[in-house]
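Q:
Residue numbers (the numbering used here): 6 to 297.
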């Protein structure tokens with residue numbers, strides 16, 4: 006089995022780690038666009054064109070499914086990607102976990118890029134799934150870039166600024182950018198310092214990984230997703246937003262990892278970018294995968 010993941014940068018690591026946890030034998034192809042990152046400020050047409058290039062590079066490796074591990078690309082490019090690649094290659098998009106956050110009851114916040122915050126896309130999800138809930142949209146300028154570059158000081162500043170905009174009465178936070186899931190514990194700590202105890206973080210990585218496995222008929226004890234949507238299952242509170250809770254070497258959930266890892270940067274085979282190794286998910290992939 007082979008699963009490809011695409012993003013502008015290393016935001017795909019969270020979903021890749023979740024796939025590795027659910028299916029240790031799967032080969033992974035990680036395709037990104039470091040020369041064009043970030044995609045958030047780009048026009049929808051530009052995002053779609055760049056996403057097509059990244060997806061085509063991944064498709065050349067003949068995966069069984071393609072995860073669009075990027076909220077921006079899912080918003081703007083998903084219909085075009087599916088029109089070109091499906092049904093031969095199932096394409097799974099990423100949707101912010103607004104629905105489960107609303108189902109949990111109480112007020113919640115959505116952390117997202119400035120381009121996504123207040124967008125018709127996000128407002129539509131709020132209208133469809135959380136019309137009766139108290140929702141605060143929190144823009145996080147610079148956070149995705151800081152995560153991409155593993156800039157510790159910039160991450161701390163951006164997280165602190167977003168935490169300061171998060172009302173004290175919220176009981177959950179939706180992480181509306183895949184990059185944010187890589188710093189889930191920093192976000193949790195910043196919210197705790199603001200006096201928000203036991204805030205539940207809702208990420209998309211685990212649900213998107215499970216949906217991909219289901220689309221290609223893989224069996225996994227953790228791969229059930231009751232909702233037919235994509236990226237609509239929250240992680241458990243003790244695992245962080247990514248749901249990745251595995252050792253950095255050796256077996257995953259007692260199963261030896263036999264899957265290979267292929268990294269494509271701008272379509273060229275390469276090693277994982279150095280900043281990726283600053284995160285547990287990146288170190289996990291290198292430690293337990295057969296790097297191709």
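Glycine included, each C-beta is placed from N, C-alpha and C at the ideal position.
Which term fits residue 157, buried or exposed, when burial requires 16 or more other beta carbons within 10 angstroms of its beta carbon?
A: Counted from its first residue, the chain shown places residue 157 at position 152. Label assigned to residue 157: exposed.
Q: Would the stretch 166-178 count as touching the stretch 53-70 if we require 3 or more Cβ pairs under 8 Å?
A: Judged by Cβ distances under 8 Å, the stretch 166-178 makes no contact with the stretch 53-70, as fewer than three pairs qualify.
Q: Enumerate, from N- to C-terminal direction, the unbroken alpha helix (DSSP H) stretches of 4 or more residues contained entirely within the stretch 109-169.
A: DSSP runs (the alpha helix (DSSP H)) wholly in the stretch 109-169: 125-134, 148-153 and 157-169.
Q: Pull up the distance between the alpha-carbon of residue 153 and that of residue 222, whole angstroms please.
A: As a working note, residue 153 is residue 148 in the chain shown. As a working note, residue 222 is residue 217 in the chain shown. Residue 153 and residue 222: Cα-Cα distance of roughly 32 Å.
Q: Three-state secondary structure (DSSP) at residue 214?
A: Working through the chain shown from its first residue, we reach residue 214 at position 209. Of the three classes helix, strand and coil, the one that applies to residue 214 here is helix, per DSSP.
Q: Quick one: is residue 32 buried, meaning 16 or more other Cβ sit within 10 Å of its Cβ, or exposed?
A: Taking the chain shown and counting its residues from 1, the one referred to as residue 32 is at position 27. Classification of residue 32: buried, given that the 10 Å Cβ count is 16 or more.
Q: If you reduce the DSSP assignment to three classes, tell me which class residue 58 lands in.
A: What you label residue 58 is simply residue 53 of the chain shown in a count that begins at 1. Residue 58 falls in the helix class under three-state DSSP.
Q: Going by the DSSP bridge assignment, what does residue 177 pair with across the sheet?
A: Sequence index remark: in the chain shown, residue 177 carries index 172 (1-based). The partner list for residue 177 (beta bridge, DSSP) reads 113 and 205.
Q: Looking at residue 94 and residue 268, is the spacing between their C-beta atoms short of 8 Å?
A: For the purposes of this step, residue 268 is taken as the residue at position 263 of the chain shown. For the purposes of this step, residue 94 is taken as the residue at position 89 of the chain shown. Going by C-beta atoms, residue 268 is not nearer than 8 Å to residue 94.
Q: Buried or exposed for residue 251, please, with buried defined as at least 16 other CB atoms from any protein chain shown within 10 angstroms of its CB.
A: By 1-based counting over the chain shown, the position of residue 251 is 246. Residue confidence for residue 251 is low, a pLDDT of 33 falling below 50, so the modelled location carries little weight and cannot support an answer.
Q: What's the gap between the Cα of residue 161 and the Cα of residue 92?
A: As a first step, residue 161 is located in the chain shown; it is residue number 156 there, counting from the start. As a first step, residue 92 is located in the chain shown; it is residue number 87 there, counting from the start. Whole-angstrom Cα-Cα distance: 42 Å.
Q: Count the other CB atoms within 10 Å of the CB of residue 65; is the residue buried (16 or more) or exposed (fewer)?
A: By 1-based counting over the chain shown, the position of residue 65 is 60. So residue 65 ends up on the exposed side.
Q: How far does the alpha helix (DSSP H) with residue 93 in it extend, from its first residue to its last?
A: Residue 93 sits at position 88 when you count from the first residue of the chain shown. First-last for residue 93: undefined, no H or E at that position.
Q: Work out the CA separation of residue 56 and residue 82 for me, nearest whole Å.
A: Numbered from 1 along the chain shown, position 77 holds the residue referred to as residue 82. Numbered from 1 along the chain shown, position 51 holds the residue referred to as residue 56. The alpha-carbon atoms of residue 82 and residue 56 are separated by roughly 7 Å.
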